[in-house]
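Colleague: Please read through the structure below; I'll follow up with questions.
There are 2 protein chains.
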Amino acid sequence: MNPTELIIKKRDGKKLSKEGIHFFTTEYLVGNISEYQMSAMLMAILLKGMDFDETYWLTQEYISSGEVIKFENTNGRFIDKHSTGGVGDKVSIVLAPIAAECGLFVPMISGRGLEHTGGTLDKLESIPGFQTQIPLKRFKELVLQNHFAIIGQSKEIVPADRRIYALRDVTGTVESIPLMTASIMSKKISSGIDGLVIDLKVGEGAFVKDLDTAKKLAESLSKIGAKFGKTVKILFTNMDSPLGSCIGNSLEIIECIEFLKGNYQEDLKEVTFALLAEMLLMGKIVKAKNQAEETIMQTIKSGKALQRFAKFVELQDGNPGIVNDYSILGKAKYALPIIAEKEGYVKDINSKEIGWALIDVGAGRRKISDKIDYTAGLKLSKKVGDYVQKNEVLGELFYNNGKGERVADRIKKSYCIVKSSIIKKGRILGIY
Amino acid sequence: MNPTELIIKKRDGKKLSKEGIHFFTTEYLVGNISEYQMSAMLMAILLKGMDFDETYWLTQEYISSGEVIKFENTNGRFIDKHSTGGVGDKVSIVLAPIAAECGLFVPMISGRGLEHTGGTLDKLESIPGFQTQIPLKRFKELVLQNHFAIIGQSKEIVPADRRIYALRDVTGTVESIPLMTASIMSKKISSGIDGLVIDLKVGEGAFVKDLDTAKKLAESLSKIGAKFGKTVKILFTNMDSPLGSCIGNSLEIIECIEFLKGNYQEDLKEVTFALLAEMLLMGKIVKAKNQAEETIMQTIKSGKALQRFAKFVELQDGNPGIVNDYSILGKAKYALPIIAEKEGYVKDINSKEIGWALIDVGAGRRKISDKIDYTAGLKLSKKVGDYVQKNEVLGELFYNNGKGERVADRIKKSYCIVKSSIIKKGRILGIY
Numbered sequence: 022m023n024p025t026e027l028i029i030k031k032r033d034g035k036k037l038s039k040e041g042i043h044f045f046t047t048e049y050l051v052g053n054i055s056e057y058q059m060s061a062m063l064m065a066i067l068l069k070g071m072d073f074d075e076t077y078w079l080t081q082e083y084i085s086s087g088e089v090i091k092f093e094n095t096n097g098r099f100i101d102k103h104s105t106g107g108v109g110d111k112v113s114i115v116l117a118p119i120a121a122e123c124g125l126f127v128p129m130i131s132g133r134g135l136e137h138t139g140g141t142l143d144k145l146e147s148i149p150g151f152q153t154q155i156p157l158k159r160f161k162e163l164v165l166q167n168h169f170a171i172i173g174q175s176k177e178i179v180p181a182d183r184r185i186y187a188l189r190d191v192t193g194t195v196e197s198i199p200l201m202t203a204s205i206m207s208k209k210i211s212s213g214i215d216g217l218v219i220d221l222k223v224g225e226g227a228f229v230k231d232l233d234t235a236k237k238l239a240e241s242l243s244k245i246g247a248k249f250g251k252t253v254k255i256l257f258t259n260m261d262s263p264l265g266s267c268i269g270n271s272l273e274i275i276e277c278i279e280f281l282k283g284n285y286q287e288d289l290k291e292v293t294f295a296l297l298a299e300m301l302l303m304g305k306i307v308k309a310k311n312q313a314e315e316t317i318m319q320t321i322k323s324g325k326a327l328q329r330f331a332k333f334v335e336l337q338d339g340n341p342g343i344v345n346d347y348s349i350l351g352k353a354k355y356a357l358p359i360i361a362e363k364e365g366y367v368k369d370i371n372s373k374e375i376g377w378a379l380i381d382v383g384a385g386r387r388k389i390s391d392k393i394d395y396t397a398g399l400k401l402s403k404k405v406g407d408y409v410q411k412n413e414v415l416g417e418l419f420y421n422n423g424k425g426e427r428v429a430d431r432i433k434k435s436y437c438i439v440k441s442s443i444i445k446k447g448r449i450l451g452i453y
Numbered sequence: 022m023n024p025t026e027l028i029i030k031k032r033d034g035k036k037l038s039k040e041g042i043h044f045f046t047t048e049y050l051v052g053n054i055s056e057y058q059m060s061a062m063l064m065a066i067l068l069k070g071m072d073f074d075e076t077y078w079l080t081q082e083y084i085s086s087g088e089v090i091k092f093e094n095t096n097g098r099f100i101d102k103h104s105t106g107g108v109g110d111k112v113s114i115v116l117a118p119i120a121a122e123c124g125l126f127v128p129m130i131s132g133r134g135l136e137h138t139g140g141t142l143d144k145l146e147s148i149p150g151f152q153t154q155i156p157l158k159r160f161k162e163l164v165l166q167n168h169f170a171i172i173g174q175s176k177e178i179v180p181a182d183r184r185i186y187a188l189r190d191v192t193g194t195v196e197s198i199p200l201m202t203a204s205i206m207s208k209k210i211s212s213g214i215d216g217l218v219i220d221l222k223v224g225e226g227a228f229v230k231d232l233d234t235a236k237k238l239a240e241s242l243s244k245i246g247a248k249f250g251k252t253v254k255i256l257f258t259n260m261d262s263p264l265g266s267c268i269g270n271s272l273e274i275i276e277c278i279e280f281l282k283g284n285y286q287e288d289l290k291e292v293t294f295a296l297l298a299e300m301l302l303m304g305k306i307v308k309a310k311n312q313a314e315e316t317i318m319q320t321i322k323s324g325k326a327l328q329r330f331a332k333f334v335e336l337q338d339g340n341p342g343i344v345n346d347y348s349i350l351g352k353a354k355y356a357l358p359i360i361a362e363k364e365g366y367v368k369d370i371n372s373k374e375i376g377w378a379l380i381d382v383g384a385g386r387r388k389i390s391d392k393i394d395y396t397a398g399l400k401l402s403k404k405v406g407d408y409v410q411k412n413e414v415l416g417e418l419f420y421n422n423g424k425g426e427r428v429a430d431r432i433k434k435s436y437c438i439v440k441s442s443i444i445k446k447g448r449i450l451g452i453y
C-alpha cells in the first residue's frame, strides 16, 4: 500500500478499508509514514469524515496499539466518567470518591490542561507529593483496594492516540467527530471498564460549540461503545460560564474538599449528581435515578466520601492532611479583587476568556513544557443570574507574577452585566 | 500569529490575509513552522480553496522567496512554454530551438519526471555530457547568446515552491488549482519572461482529468499572469494516449532530432505548431496565427532549427554529434515486439498505464533517488485510429533488465482494439 494513495482516497471522500487504516496507523507508529503524511490524512478525515465502519476500525487500531487492562469478575460495576473538558471542571475529583463509596469501581485515566481548559492531573498534582505517573499494575491494585484511582495516560495505554493527539493539537485537527470518538473510546475501553458516562461540554468555553455537533458526537461515541459491548450514556452540559466557584489548581482542590464536606455551588452539584445518577444506575447500585440523590447524599453526610478521598490522596503519595488544613497547599502572594463597574445582573461570564486569561498568571500552560503555578487562580463570588452593585466584588484573583492587574482587567471584561434580571438556567442541556 | 489558528481558519473555509500567508510561508522556510503543519494547511487549501487575492499573495510569497532574473530591453520577445506534464511529451525540446530560430528568446526552467510522466531534464540528460545544473548568471548568458537554454530548477529560483512541491507530491496535495497556479506562475515569472504559453494536458494520462477543471485552472493561471503584467495563453490538449511515437529518454531525443529534420508524427506536430503559433503571435514575430506555419516550416526546411539545437547541446556540454549519429546515445540490450492478439482498430492507448509500466524497465523513477536507464523505452508503430492485423507489431519495447516480458504484457493490455473504425481526433481540445 502507498500512503499518498490512501491520503488521496480520503481527500476525495472515499471510504478507507480496514486494511488501509491498519496500514496507515501501524506504519506511522513505526516511523515508515511521516508526521506530515499523517497530518494531511487527519485534515482530510476532519473535512471529509469517516463512516461508522471506519471509526470502528480506527478505534480498534488505537486499542491494539497498546495494552488493555482486564479486571476479573467485574459484575458490571467498573464504571468511569469522561469529560470533554471545560473551565472550572473539577467534577472527576468529587465524583470518583462518591461513586467509589457507593460501591462502584472507577479506574480513571485522566489528562492535563488543554488550551484554555484545566486538567484533572494538574489539579491533583497541586497536592504536595501526589503522584499521577503510576505503573498499570499498581493502578489496578489501587482500583481494587480503594475502588478508585486517577492516573495520567501511560505509555502502555493507546500509544497511537498519545502520538496522534499531540499532532492534532498543533495541526487544527482536534474537532473531528471520528477522531474524537476513536481517541476517547480507545482510552476508556483499554482501561477495563464495563460502562461509561460522558460529560459532553457544549458552548463557547468548550471544544464542541453547539448542540447539533454534540448530538452527532454522542451518537458516534454511543454506537462505538455498543460495538465493543460497553454501555455509554452521554450528558450534554453547558460550558458557557465556569463551573463552580473556583478556577485554578489548588483552589479547585479546596472547592472539591468543601464539596465533600457538604458545601457546594449549585451548578457543580447539579452536574456531579446527574452524572453520578447515571453511573449508579448503570452499575446497578440503584434501581431508578430518583434513588440516586439519597444514596449520594449519605456518602457526603456520613463523611465517608471525604474519608475515601483522603485515602486516595494517601495511596497516591499525597499529603492527606489537606482535607483539614488547606495551608498545606500553599498560597499565592497576591490577591486582587475584581470590582464591578456598574450594577445589574450577571448575564454571562465568558469561560474561554477567563481560561486564557488565567494562563497568563501561570494557572495553565502555553506550551507543554511550561511549569504551572498551582496557587494561581480565580475565586468567583458572583455567578450568572446574580445581582451585583456598583463597586461590589465579582471575584478574587490569586497570583504570584507581575501580570495580575492586566489579567484582572481581562477577567472583569469577561463579565457581561445587564439591567434586566436573568433567569438562572440549569447546566444539563440534554441526555443521549 | 499562531500557525494552528491559521490552519483552522482555512480549514473552516475562511479567507487568509496577506500577512497570514506571508507569515506561514516565511516561517515554514526558516523552520519555525513544521512540515506537518504545512501539510495540514495544504490539505485544507486543497479542500477549501483559495480566492484570487489569496492565490495572488501566495504567488508573491513564492516569488519573493528567491531571485528574479531580469533581462534588459526585452521588447516582449522573452516567451516561454510550460506543460503540465504527459507521456511522450517532448514538445519543449523541439519547440524551443524553432522559437529561438524565429527570433524569440526562450529562458526555460524545466522539471524531472513526476509519477508516470517523463521530464524534459531527464530526456536531455540522456545526451552524453549534457548539463542541466547551470548557475543563473551563465543561464542568462546562454539565453542571450543562442536565444534559448533549458536548465533545471535552481536553488536560487523560488525555493518556497521547491520545498512545498516535494511535500505536496507525497501528501496528496498536488491537484489544487491555487497551489498549481502559485507553483507554475512563480517559477515562470521569476525566469524573466514577458509572456507564457501553457500546454494544459487533459485526460486520464494527465494530472488534470477533465475539461471543466482545466478551464478553472486556466482562468486562475491567466488572471494571476495578468496581475503580474504577463500575457498568458493556454491550450488544452488531449493526453489520453501518448504523444508522438516514442516514450523513453534517449528514444525521445532521437524523435526530436527527426522532427527537426522534418520527419514527424502528426499529433506531435499539431501540438508543437499550435503552441509555437501562440508564442510567435505573442512575441510579435507574426501578425496572424495563419502566418505561423510557414515561418516555422522554414526553420525546419532550412535545417537552421536543427543547427540551433546542436549549438544548444554543445553550449550545455553535450555531444552535438548526436544529430547525425544516434549511436552516441547508446542502445538497450534487448528489443521485444508488442504483438497484436486480434485484428481491428486501435481505439485507445492508455498513456498512464504505459507510463507506469515503463518505470519497471527503468525509463522513470519510483523514488527521487532512483537512477534512470536512458536507453529503456517504447517505440509505438500503431497509434489511435490505426488498423492492425492479428500478430502485427503494435510497438517495440527496449530494455536492459529482466522485466521486459512482464512490462511488454502490461503495454499490450493498455491497447484497446475494436472492430468498428475510429475517427482520428485532433489533440487540441480548446484554447483559453
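Chains as they are written, first to last, in my numbering: chain A, 22 to 453; chain B, 22 to 453.
C-beta atoms are modelled at their ideal positions from N, C-alpha and C, and glycine is treated no differently.
Quick caveat: nothing in here was measured; it's all calculated off a predicted structure.
Does chain A have any CB closer than 8 Å to the CB of Met64(B)?
Modeller: Yes - at least one Cβ of chain A is within 8 Å of the one on Met64(B).
Colleague: Whole-angstrom Cβ separation of Leu188(B) and Ile452(B), contact assumed at under 8 Å?
Modeller: Between Ile452(B) and Leu188(B) the Cβ distance is about 33 Å, and since that is not below 8 Å, they are no contact.
Colleague: Consider the Cβ of Thr192(B): report whether some Cβ of chain A lies at a distance smaller than 8 Å.
Modeller: Output row for Thr192(B): interface = yes.
Colleague: Using a Cβ-Cβ distance under 8 Å, would Tyr186(A) count as near chain B?
Modeller: no
Colleague: Taking DSSP's pairing of strands, which residues face Glu417(A) in a bridge?
Modeller: The secondary-structure analysis by DSSP pairs Glu417(A) across a beta bridge with Pro358(A) and Lys400(A).
Colleague: Consult DSSP for Asp369(B) and reduce its assignment to one of helix, strand or coil.
Modeller: Correct three-state label for Asp369(B): strand.
Colleague: List, in chain order, every chain A residue whose beta-carbon is nearer than 8 Å to that of Ala61(B).
Modeller: Neighbours of Ala61(B) in chain A, taken as residues whose beta carbon is under 8 Å from its own, are Ser60, Ala61, Leu63, Met64, Thr192, Gly193 and Thr194 in chain order.
Colleague: My output table needs one value for Tyr436(B): the three-state DSSP class, helix, strand or coil.
Modeller: strand
Colleague: Roughly how many whole angstroms lie between the Cα atoms of Asp33(A) and Glu26(A)?
Modeller: Straight-line Cα distance between these residues: approximately 10 Å.
Colleague: Starting from Met129(A), follow its DSSP beta bridges and name the residues at the other end.
Modeller: Ile171(A)
Colleague: Let me check understanding here. Comparing Cα to Cα, which of Ile438(B), Cys437(B), Gly416(B) and Val439(B) lies closest to Val428(B)?
Modeller: Gly416(B)
Colleague: In chain order, what residues of the stretch 162-179 of chain A put their CB closer than 8 Å to some CB of chain B?
Modeller: none
Colleague: Output the boundary residues of the alpha helix (DSSP H) element that contains Ile29(A).
Modeller: Pro24 to Arg32
Colleague: Which chain A residues sit within Cβ distance under 8 Å of Glu56(B)?
Modeller: Here the neighbours are Ser55, Glu56 and Tyr57.
Colleague: Any idea if Leu165(B) is buried or exposed, counting beta-carbon neighbours within 10 angstroms, 16 or more meaning buried?
Modeller: exposed
Colleague: By Cβ distance below 8 Å, which residues in the same chain neighbour Asp394(A) in space, the five residues on each side in sequence not counted?
Modeller: Ala353, Val382, Gly383, Ala384, Tyr420, Asn421 and Asn422
Colleague: Along the chain, where does the beta strand (DSSP E) containing Glu216(B) start, and where does it finish?
Modeller: Looking at the sequence shown, residue 216(B) is not Glu but Gly. Gly216 to Val223 is the span of the beta strand (DSSP E), which, as asked, contains Gly216(B).
Colleague: Please list, in chain order, all residues of the same chain as Glu299(A) whose beta carbon is under 6 Å from its beta carbon, the five residues on each side excluded.
Modeller: Val218 and Lys254
Colleague: Consult DSSP for Thr293(A) and reduce its assignment to one of helix, strand or coil.
Modeller: Thr293(A): helix per DSSP, three-state reduction.
Colleague: Could you pull out every residue in the same chain whose Cβ sits closer than 7 Å to the Cβ of Ala331(A), ignoring the five residues on either side in sequence?
Modeller: Pro341 and Val344
Colleague: Measure the Cβ-Cβ separation of Leu399(B) and Ile275(B) and say whether it is below 8 Å.
Modeller: Their beta carbons are not under 8 Å apart, which means Leu399(B) does not touch Ile275(B) by this criterion.
Colleague: Going along the chain, which residues of its own chain have a beta-carbon closer than 6 Å to the beta-carbon of Ile306(A), five neighbours each way excluded?
Modeller: Within the same chain, Ile306(A) has close Cβ partners Cys123 and Gly124.
Colleague: What's the call for Lys282(A), buried or exposed, on a 16-neighbour Cβ count within 10 Å?
Modeller: exposed
Colleague: Quick one, which residues of the stretch 404-419 of chain B are near chain A if we go by CB-CB under 8 Å, in chain order?
Modeller: Residues are counted here when their Cβ sits less than 8 Å from a Cβ of chain A; for the stretch 404-419 of chain B the count is zero.
Colleague: Starting from the N-terminal side, write out each stretch of the alpha helix (DSSP H) that is 4 residues or longer and does not extend beyond the stretch 292-352 of chain B.
Modeller: 313-322 and 325-336
Colleague: When burial is assigned at 16 or more other CB atoms within 10 Å of the CB, is Pro118(A) buried or exposed?
Modeller: Classification for Pro118(A): buried.
Colleague: Could you list the residues in the stretch 65-82 of chain A with a C-beta less than 8 Å from some C-beta on chain B, going in chain order?
Modeller: Those would be Ala65, Leu67, Leu68 and Lys69, in chain order.
Colleague: Pairs of beta-carbons, one from the stretch 321-335 of chain A and one from the stretch 244-252 of chain A, closer than 8 Å: are there three or more?
Modeller: no
Colleague: Who are Asn412(A)'s beta bridge partners in DSSP?
Modeller: DSSP, once it has assigned bridges, lists no residue as partnering Asn412(A).
Colleague: Starting from the beta carbon of Ile28(A), find every residue of chain C whose beta carbon is closer than 7 Å, and list them in chain order.
Modeller: Of the protein chains in the structure, A and B, none is chain C.
Colleague: Should Gly250(A) be labelled buried (16 or more other beta-carbon atoms within 10 Å of its own) or exposed?
Modeller: exposed
Colleague: I'd like the list of long-range same chain contacts for Val89(B), defined as Cβ closer than 6 Å, with 5 residues on each side in sequence excluded.
Modeller: Ser211
Colleague: Does the Cβ of Ala239(A) have 16 or more other Cβ atoms within 10 Å, making it buried, or fewer, making it exposed?
Modeller: buried
Colleague: Could you list which residues in chain A have their beta carbon closer than 7 Å to that of Thr202(B), in chain order?
Modeller: Correct list: empty, because the minimum Cβ distance to chain A is about 19 Å.
Colleague: Step through the CB atoms of chain B and report whether any lies within less than 8 Å of the CB of Thr456(A).
Modeller: Residue 456(A) is absent from the model: chain A starts at 22 and stops at 453.
Colleague: Tell me the residue span of the beta strand (DSSP E) that contains Asp391(B).
Modeller: Careful: Asp391(B) lies outside any beta strand (DSSP E) and carries neither H nor E.
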